[in-house]
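Visitor: Residue numbers (our numbering): 226 to 310. I have a structure here, written as structure tokens, and I will follow up with some questions on it.
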């Protein structure tokens with residue numbers, strides 16, 4: 226969580242944090258609001274830091290045996306094929 230916009234319980238609006246990591250002066254009000262679970266106000270919008278997904282690699286099918294391991298490999302191949310689409 227890098228930053229957020231909130232609406233306090235009295236209706237006023239506030240902005241905390243920023244859009245970059247280096248904006249770190251003062252108290253971390255964004256984390257305070259996350260920990261308050263809505264008692265201090267409502268979160269209207271948030272800026273999140275995301276990370277790229279690691280490439281899952283290539284799944285090579287093994288010999289067609291009727292073992293739980295071979296079945297798991299086939300299922301994993303189908304799942305990964307769906308993620309690449």
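Beta carbons: idealized from backbone N, C-alpha and C, even for Gly.
If we call anything under 8 Å between Cβ atoms a contact, is residue 228 one with residue 272?
Guide: Their beta carbons are under 8 Å apart, which means residue 228 touches residue 272 by this criterion.
Visitor: Rounding to the nearest angstrom, what Cα-Cα distance links residue 255 and residue 239 in this structure?
Guide: If you take the alpha carbons of residue 255 and residue 239, they lie about 11 Å apart.
Visitor: Measuring straight from C-alpha to C-alpha, what distance separates residue 259 and residue 236?
Guide: Their Cα atoms are separated by approximately 18 Å.
Visitor: For residue 263 and residue 279, what's the separation of their Cα atoms in angstroms?
Guide: If you take the alpha carbons of residue 263 and residue 279, they lie about 34 Å apart.
Visitor: Grab the span of the beta strand (DSSP E) containing residue 242 for me, first residue to last.
Guide: Taken as a continuous stretch (DSSP letters only), the beta strand (DSSP E) holding residue 242 covers 238-242.
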